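K.L.:
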């Protein structure tokens with residue numbers, strides 16, 4: 016299984032809502048990532064988890080809260096978002112964090128988020 | 156600091172013609188380089204990667220790329236474009252910590 020799955024595919028939420036994005040991989044990868052991608056732009060790294068511990072937080076606002084319940088799952092909890100947070104949210108995983116050459120990232124299909 | 160520059164935000168090619176997407180990098184250490192493709196409303200799919208084993212790298216869907224250290228380049232080519240190649244292409248570089256640096260992307264349009 017070389018797939019990263021993400022749910023839901025689409026999400027529309029108001030600025031007062033609380034929602035969560037889910038990501039799952041069964042490749043035995045120990046690093047997982049959240050990216051935000053605006054239209055016609057490259058993905059921007061948000062968070063990195065390595066061995067289920069938060070390794071990198073790219074100064075992301077606290078209205079985004081990541082969680083890694085186990086080595087296969089990654090969640091992104093959303094609360095009090097702004098319209099400018101509307102984007103495609105991509106999850107990725109890699110065998111390890113760092114160790115260049117062993118960190119080819121596998122991406123999920125993304126969740127298209129719209130904040131009204 | 157490491158960086159990736161993709162020359163040309165849009166490329167238009169005729170079906171059957173050569174596809175050439177340019178990527179130049181800047182790195183203080185030997186780089187690991189990747190090309191990803193993104194179809195509309197989908198995630199990124201790895202086309203190929205350079206990890207210093209061979210300078211000419213073959214990938215999926217008939218794509219290949221050549222690493223040229225002297226030119227700090229990693230250009231992507233495909234001999235004959237197909238309509239299904241229409242997509243966004245990203246060149247990426249990873250540093251020793253594994254953080255990806257993506258290029259700005261190149262949108263490929265294939266005309267009949």
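Protein chains in written order, with the working numbering: chain A, 16 to 131; chain B, 156 to 267. C-beta: ideal position from N, C-alpha, C; glycine also. Quick caveat, the model's predicted, so the values are computed rather than measured.
#1: Taking CB distances under 8 Å as the criterion, tell me whether residue 259 of chain B reaches chain A.
#2: Can you name the residues that DSSP bridges to residue 80 of chain A?
#3: Give the residues from the region 188-204 of chain B that approach chain A closer than 9 Å (Cβ to any Cβ), ordered along the chain.
#4: At which residues does the beta strand (DSSP E) containing residue 161 of chain B begin and terminate?
#5: Taking all protein chains shown into account, do 16 or more other C-beta atoms lie within 10 angstroms of the C-beta of residue 123 of chain A, making it buried, or fewer, making it exposed?
#6: Contact check, residue 34 of chain A vs residue 28 of chain A under 8 Å by CB: the rounded distance?
#7: Check whether the Cβ atoms of residue 66 of chain A and residue 120 of chain A lie closer than 8 Å to each other.
#8: Which residues does DSSP list as the beta-bridge partners of residue 71 of chain A?
#9: Taking its Cβ as the centre, do 16 or more other Cβ atoms sit within 10 Å of residue 23 of chain A, making it buried, or is it exposed?
#10: Got a sec, what are the start and stop residues for the beta strand (DSSP E) residue 194 of chain B sits in?
#11: How would you list, in chain order, the residues of chain B whose beta-carbon sits under 7 Å from the beta-carbon of residue 124 of chain A?
#12: Under 8 Å between the Cβ atoms of residue 214 of chain B and residue 57 of chain A?
#13: Quick check: what's the CA-CA separation for residue 118 of chain A versus residue 93 of chain A?
#14: Among A:45, A:95, A:102, which residue has its Cα nearest to the Cα of residue 80 of chain A?
#15: Please list the partners that residue 120 of chain A has in chain B, where partner means a Cβ-to-Cβ separation under 7 Å.
#16: Please report whether the beta-carbon of residue 26 of chain A lies at a distance below 8 Å from any beta-carbon of chain B.
#17: By DSSP, does residue 219 of chain B sit in helix, in strand, or in coil?
P.N.:
Taking the definition as stated:
#1: Translated into the one-based positions of the second chain, residue 259 of chain B becomes position 104. Yes, residue 259 of chain B counts as interfacial toward chain A.
#2: Locating residue 80 of chain A in the first chain gives position 65, counting from the first residue. Beta-bridge pairing links residue 80 of chain A to A:92.
#3: 189, 191, 193, 196, 197, 198, 199, 200, 201, 204
#4: The residue labelled residue 161 of chain B in the question sits at position 6 within the second chain. Counting along the chain, the beta strand (DSSP E) containing residue 161 of chain B begins and ends at 158-162.
#5: Translated into positions along the first chain, residue 123 of chain A becomes position 108. Answer is buried; the Cβ neighbour count reaches 16.
#6: Along the first chain, one-based indexing puts residue 34 of chain A at 19. Along the first chain, one-based indexing puts residue 28 of chain A at 13. About 5 Å separates the two Cβ atoms, so the contact holds.
#7: Position 51 of the first chain, counted from the first residue, corresponds to residue 66 of chain A. Position 105 of the first chain, counted from the first residue, corresponds to residue 120 of chain A. For residue 66 of chain A and residue 120 of chain A, no; Cβs fall outside 8 Å.
#8: Here residue 71 of chain A refers to the residue found at position 56 of the first chain. The partner list for residue 71 of chain A (beta bridge, DSSP) reads A:63.
#9: To locate residue 23 of chain A, count along the first chain from 1; it is residue 8. Its Cβ having fewer than 16 others within 10 Å, residue 23 of chain A is exposed.
#10: The residue given as residue 194 of chain B occupies position 39 in the second chain. Taken as a continuous stretch (DSSP letters only), residue 194 of chain B belongs to no beta strand (DSSP E), as it is neither H nor E.
#11: Against the first chain, residue 124 of chain A aligns to sequence position 109. Under the 7 Å cutoff, chain B gives 197, 198.
#12: The sequence position of residue 214 of chain B within the second chain is 59, counting from 1. The sequence position of residue 57 of chain A within the first chain is 42, counting from 1. No, the Cβ-Cβ distance between residue 214 of chain B and residue 57 of chain A is not below 8 Å.
#13: Along the first chain, one-based indexing puts residue 118 of chain A at 103. Along the first chain, one-based indexing puts residue 93 of chain A at 78. Taking the straight line joining both Cα atoms gives about 27 Å.
#14: In the first chain, counting from the first residue as 1, residue 80 of chain A sits at position 65. Nearest option by C-alpha distance: A:95.
#15: As a working note, residue 120 of chain A is residue 105 in the first chain. Residues of chain B passing the Cβ test: 255.
#16: On the first chain, position 11 is the one that residue 26 of chain A refers to. So, not an interface residue.
#17: The residue you call residue 219 of chain B lines up with position 64 of the second chain. Correct three-state label for residue 219 of chain B: strand.
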